[in-house]
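Peer 1:
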Amino acid sequence: MNPKWNGQFSCFDLVARAGGKTGDRTRTVVKVRDIEIGGSEFVVIAGPCAVESESQLLETAEAVAESGASILRGGAYKPRSSPYAFQGLGVEGLKILRKAREATGLAIVTEVMSEDDVELIAEYADIMQVGTRSMENYALLEALGGCGRPVLLKRGMTATLEELLRSAQIVAAAGNPQIILCERGIRTFETATRNTLDIAAVPVLKAVSHLPVIVDPSHAGGVRSLVSPLSRAAVVVGADGLIVEVHPAPEQALSDGNQSLDFAEFRDMMDDLQPYLDLQRASRQFRPQLLASGGAD
Ligand code: PEP
Ligand code: MN
25 MNPKWNGQFS
35 CFDLVARAGG
45 KTGDRTRTVV
55 KVRDIEIGGS
65 EFVVIAGPCA
75 VESESQLLET
85 AEAVAESGAS
95 ILRGGAYKPR
105 SSPYAFQGLG
115 VEGLKILRKA
125 REATGLAIVT
135 EVMSEDDVEL
145 IAEYADIMQV
155 GTRSMENYAL
165 LEALGGCGRP
175 VLLKRGMTAT
185 LEELLRSAQI
195 VAAAGNPQII
205 LCERGIRTFE
215 TATRNTLDIA
225 AVPVLKAVSH
235 LPVIVDPSHA
245 GGVRSLVSPL
255 SRAAVVVGAD
265 GLIVEVHPAP
275 EQALSDGNQS
285 LDFAEFRDMM
295 DDLQPYLDLQ
305 RASRQFRPQL
315 LASGGAD
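Here the working numbering is used: position 171 in the sequence shown is 195, and no number is missing along the way.
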């Protein structure tokens with residue numbers, strides 16, 4: 025490992041990957057139902073930004089499952105920049121998510137914004153999402169330590185990787201080592217995209233931490249046409265999965281319609297990813313063989 029990183033991140037002992045002479049620590053594989061995040065499979069999480077109605081979510085769940093997603097996303101509690109924007113359906117949304125899980129077998133990820141909601145949301149969700157605006161909500165992070173569910177921790181939009189890992193350490197220290205890190209783009213001077221996808225964050229996080237790392241191309245790019253190319257980039261740099269926004273009619277979505285794919289676009293994106301996933305898999309299998317033959321000579 026880069027000696028600079030070793031010094032910078034080793035203080036987060038519960039989430040940092042031991043480097044150098046001390047040897048590697050096994051990677052964390054987060055298990056949700058029969059899905060493994062951070063294992064050998066690339067995991068795709070897909071669904072609407074917000075749960076809007078039963079038909080919207082069920083239709084989306086069926087469509088994304090058919091195209092190869094294994095986890096359904098959908099916000100029931102939405103952090104919005106305007107008090108007049110749709111705030112989510114709350115408990116009603118959680119019940120709809122549960123129905124979608126029963127109908128499709130997909131696992132569920134949904135956002136939790138307050139420590140007061142942790143217990144309730146944990147009854148419905150398979151994975152608890154911490155949004156970019158909550159990455160430094162320490163009361164929430166501590167409450168998630170005892171929630172009994174894996175945590176999907178999104179990088180704060182102005183957070184360094186050190187700060188992201190500090191938040192992960194807080195969740196782990198509070199008793200929950202089941203954490204998935206998510207790069208979702210950061211604020212920079214660039215305005216053509218909603219955020220700047222820090223693609224280097226993926227290999228850096230995988231080098232310095234043993235936690236799985238996924239990418240959110242939807243909130244990074246902020247426009248539909250960027251979702252597929254950014255997803256490809258995520259595969260190529262070694263991400264463990266994606267979280268993608270999909271809506272039956274993006275132009276009518278109550279939130280984040282501009283960056284949501286419709287069902288056909290999501291299917292095309294999944295097809296488009298396949299050769300890159302095959303290449304990644306092949307290169308992973310090839311590497312140990314090279315080492316083995318090197319040793320035999
Ligand atoms: C979301 O996933 O819909 C969301 C609000 O994401 P972020 O917290 O990354 O903005
Ligand atoms: Mn969104």
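Glycine residues also receive a C-beta, built at the ideal position from the N, C-alpha and C atoms. These numbers were taken from a predicted model, which means no experiment stands behind them.
Taking 8 angstroms as the limit between beta carbons, can you name the residues of its chain near residue 78, skipping five residues before and five after?
Peer 2: For residue 78, where only same-chain residues beyond five positions count, the Cβ hits under 8 angstroms are 120, 123.
Peer 1: Rounded to the nearest angstrom, what separates residue 46 and residue 297 at their Cα positions?
Peer 2: In this prediction, residue 46 scores a pLDDT of 49, lower than 50, which makes its location untrustworthy; the coordinate-derived value is nonetheless stated afterwards. Taking the straight line from one Cα to the other gives about 36 angstroms.
Peer 1: Can you find the residues in the same chain that come closer than 6 angstroms, C-beta to C-beta, to residue 195, ignoring five residues on each side of it along the sequence?
Peer 2: Cβ within range, chain order: 165, 168, 169, 175, 203.
Peer 1: Check whether the region 278-287 touches the region 243-257, counting contact only when three or more Cβ pairs, one atom from each stretch, lie closer than 8 angstroms.
Peer 2: Contact between the region 278-287 and the region 243-257 is present, because at least three Cβ pairs lie under 8 angstroms.
Peer 1: Under the criterion of a Cβ to heavy atom distance below 7 angstroms, does residue 240 qualify as lining the ligand PEP?
Peer 2: Because some heavy atom of the ligand PEP lies under 7 angstroms away, the Cβ of residue 240 counts as near it: yes.
Peer 1: Do you know whose CA, among 239, 278, 85, 104, lies nearest residue 128's CA?
Peer 2: Answer by Cα proximity: 85.
Peer 1: Here's the rule I'm using: 16 or more other beta-carbon atoms within 10 Å means buried, otherwise exposed. How should residue 54 be labelled?
Peer 2: With 16 or more other Cβ atoms within 10 Å, it is buried.
Peer 1: Is DSSP giving residue 208 helix, strand or coil here?
Peer 2: Residue 208 falls in the coil class under three-state DSSP.
Peer 1: Could you have a look at residue 302 and say whether DSSP puts it in helix, strand or coil?
Peer 2: Helix at residue 302.
Peer 1: Note down, in chain order, each residue of its chain lying with its Cβ closer than 7 angstroms to the Cβ of residue 156, except the 5 sequence neighbours on either side.
Peer 2: Cβ neighbours of residue 156 beyond the five flanking positions: 178, 179, 180, 181, 208.
Peer 1: Put residue 223 into one of helix, strand or coil per three-state DSSP.
Peer 2: Of the three classes helix, strand and coil, the one that applies to residue 223 here is coil, per DSSP.
Peer 1: Which residues neighbour the ligand PEP when neighbourhood means a C-beta less than 5 angstroms away from any of its non-hydrogen atoms? List them by chain order.
Peer 2: Output, sorted by chain position: 73, 155, 156, 178, 208, 243.
Peer 1: Identify every residue that forms a DSSP beta bridge with residue 153.
Peer 2: The partner list for residue 153 (beta bridge, DSSP) reads 135, 176.
Peer 1: Determine whether the beta carbon atoms of residue 96 and residue 132 lie at a separation below 8 angstroms.
Peer 2: Yes, Cβ-Cβ distance for residue 96 and residue 132 is below 8 angstroms.
Peer 1: Tell me whether residue 158, by its Cβ, gets closer than 7 angstroms to a heavy atom of the ligand MN.
Peer 2: Incorrect: residue 158 has no Cβ contact closer than 7 angstroms to the ligand MN.
Peer 1: Measuring from the CB of residue 77, is there a heavy atom of the ligand MN at a distance below 7 angstroms?
Peer 2: No - the ligand MN has no heavy atom lying nearer than 7 angstroms to the Cβ of residue 77.
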